[in-house]
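Undergrad: This is the structure I have questions about; it appears just below.
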Amino acid sequence: SRVILKMASSHIPANVLLSFFKDVTTLMKTYPQQESISSLTGFDSNDASVAPPPGLERQRQVLLGTQMKVLESTIANYNNSNTKDDVMMQDAQMALRELGGGGEGPNEYVEIISDDVREELRIAMLEMTDAARIAFARAVLILELQWDEKRDDDDEGGNVLSRNLRGEEQDGSIDGAHVLEFCGLCNVAVKLPEVQRHLRYGTDMLRLFNETANDNAESTAVSDNDQTDQSLSSAPKERLEHIQAMLLRAIGYEPQFALDEFRRLFLSKDSNVDDPELIDVFATFVQSMSIVVTNATLGISADSNGMLSDVNEGGVTRVLSVEEKTVQIDGNDDEILVGSGGGGAPSMATMEQQRDVR
Numbered sequence: 001s002r003v004i005l006k007m008a009s010s011h012i013p014a015n016v017l018l019s020f021f022k023d024v025t026t027l028m029k030t031y032p033q034q035e036s037i038s039s040l041t042g043f044d045s046n047d048a049s050v051a052p053p054p055g056l057e058r059q060r061q062v063l064l065g066t067q068m069k070v071l072e073s074t075i076a077n078y079n080n081s082n083t084k085d086d087v088m089m090q091d092a093q094m095a096l097r098e099l100g101g102g103g104e105g106p107n108e109y110v111e112i113i114s115d116d117v118r119e120e121l122r123i124a125m126l127e128m129t130d131a132a133r134i135a136f137a138r139a140v141l142i143l144e145l146q147w148d149e150k151r152d153d154d155d156e157g158g159n160v161l162s163r164n165l166r167g168e169e170q171d172g173s174i175d176g177a178h179v180l181e182f183c184g185l186c187n188v189a190v191k192l193p194e195v196q197r198h199l200r201y202g203t204d205m206l207r208l209f210n211e212t213a214n215d216n217a218e219s220t221a222v223s224d225n226d227q228t229d230q231s232l233s234s235a236p237k238e239r240l241e242h243i244q245a246m247l248l249r250a251i252g253y254e255p256q257f258a259l260d261e262f263r264r265l266f267l268s269k270d271s272n273v274d275d276p277e278l279i280d281v282f283a284t285f286v287q288s289m290s291i292v293v294t295n296a297t298l299g300i301s302a303d304s305n306g307m308l309s310d311v312n313e314g315g316v317t318r319v320l321s322v323e324e325k326t327v328q329i330d331g332n333d334d335e336i337l338v339g340s341g342g343g344g345a346p347s348m349a350t351m352e353q354q355r356d357v358r
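Position one of the sequence shown corresponds to residue 1 (the UniProt record's numbering), numbered consecutively onward.
Okay, here's the thing in structure tokens:
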């Protein structure tokens, strides 16, 4: 007898959801596929204008739509091979919502009758969520890199459409939620193998992402093509700053304006930030970025004293610490490595709300 998830209105076999989790996890390794990129960019070969990447909310919707297509396919395959009651899409979505909320204790829609099945579902769901978070960061970077490439190819000029990024001309400051979003997005992005190769060797990131998509495998192996991108400084620090600038654009800000806001919020003596979580996240973020630069520069994570440094390469890596709700920094405030936090990809809790994002 098979173990099932018992629904209020139906019975859903656990292997249906397990299949869904595993199929999405596999698909996310090469996301975004060309279909997703086309729907995001709205490319028209007859239109010479260079449209900017869509906002992050639209990008989340497209990724979520990709996941929902997998769920629809999983359910259809099961229903076609099953002679008993069909699994309904809305029931599966409600099950996903409850599982995304923890799946602990009594549930209105889901009753897991085996602790082993509960744990197997939990692990598979977490793996899928992590894969989606990484895929989202990859997609954001790819679209920004394509945007840069199209702008560079616009020899005649005048075809690049405005992005309406928030800058000094707007009143107000950067929103705390956007700080968290940027930190989380950047923290995930630097874990991508393609980004790590770029930071260490200067290899063109867009080419690496294309290789990954074509080979259906992550581009982790070092090759003779790993050479410094002459359009950027050869130092990993400058490469990281370029990546961070792209991600700041992605969340809707002019990079320099956002950096000035970070300085004002976290490094100024007049800072009035009273959100301990925000301070902790930003401090942890800058510390993690220091580690990224150190690893890319030296290939090690610490010197003999256990302190992060790239002094042998002519620079000084700075490590932030939180002390009485104030971020302390050693080094030149004009050279700040910025960015830890959440993920940015659609959460499990939002999946049940989607019917058809196509």
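Glycine included, each C-beta is placed from N, C-alpha and C at the ideal position.
(1) Determine the closest residue to Ala177 out of Leu248, Glu98, Leu141, Ala92, with distance taken between C-alpha atoms.
(2) Assuming residue 359 contacts Met246 (C-beta within less than 8 Å), just tell me the rounded distance between them.
(3) How would you label Ile123, buried or exposed, when you count the other beta carbons within 10 angstroms and need 16 or more for buried?
(4) Hey, out of Arg133, Met68, Gly252, whose CA is closest to Leu17's CA?
(5) Just verifying my parser: in three-state terms, what is the DSSP assignment at Pro236?
(6) Quick one: is Thr26 buried, meaning 16 or more other Cβ sit within 10 Å of its Cβ, or exposed?
(7) Could you check where the alpha helix (DSSP H) with Ser162 kicks off and where it finishes?
(8) My output table needs one value for Pro276: the three-state DSSP class, helix, strand or coil.
(9) Excluding the 5 residues preceding and the 5 following Lys22 in the sequence, name in chain order all residues of the same chain whose CB lies nearer than 7 Å to its CB.
(10) Does DSSP put Ile291 in a helix, in a strand, or in coil?
(11) Let me check one thing: in DSSP terms, what residues is Tyr253 bridge-paired to?
(12) How would you write the range of the alpha helix (DSSP H) that Val87 sits in, first residue to last?
(13) Of the residues Arg133, Gly202, Ala213, which one's Cα is nearest the Cα of Ala189?
(14) For Leu267 versus Arg239, is the C-beta distance shorter than 8 Å?
(15) Between the Cα of Arg97 and those of Thr66, Leu121, Phe136, Tyr253, spot the shortest distance and give me the residue it belongs to.
(16) Quick check: Gly55 and Gly202, are their CB atoms within less than 8 Å of each other?
(17) Check whether the Cβ atoms of Leu185 and Arg197 sit closer than 8 Å, and answer yes or no.
(18) Between Arg166 and Phe257, which are expected to be in contact by the criterion C-beta below 8 Å, what is the C-beta distance as a whole number of angstroms?
(19) For Gln287 and Ile243, what's the separation of their Cα atoms in angstroms?
TA: According to the structure shown:
(1) Comparing Cα positions, the closest option is Leu248.
(2) One cannot answer for residue 359 here, as it falls past the ends of the chain, which runs 1 to 358.
(3) That one is exposed.
(4) When each option's Cα is compared against that of Leu17, the closest is Met68.
(5) Annotated three-state conformation of Pro236 is helix, per DSSP.
(6) Exposed is the call here.
(7) Counting along the chain, Ser162 sits inside no alpha helix (DSSP H), nor does DSSP assign it H or E at all.
(8) Pro276 falls in the helix class under three-state DSSP.
(9) So the list reads Ala124, once near-sequence residues are dropped.
(10) In the structure shown, Ile291 sits in a helix (DSSP, three-state: H, G or I).
(11) Arg166, per the DSSP bridge assignment.
(12) Taken as a continuous stretch (DSSP letters only), Val87 belongs to no alpha helix (DSSP H), as it is neither H nor E.
(13) Here the closest residue by C-alpha is Arg133.
(14) Their beta carbons are not under 8 Å apart, which means Leu267 does not touch Arg239 by this criterion.
(15) When C-alpha distances from Arg97 are compared across Thr66, Leu121, Phe136, Tyr253, the shortest belongs to Leu121.
(16) No. Outside cutoff.
(17) No; because the gap between Cβ atoms is not below 8 Å, this pair is not in contact.
(18) With a beta-carbon spacing of about 7 Å, Arg166 and Phe257 fall inside the 8 Å limit used to define contacts.
(19) Taking the straight line joining both Cα atoms gives about 17 Å.
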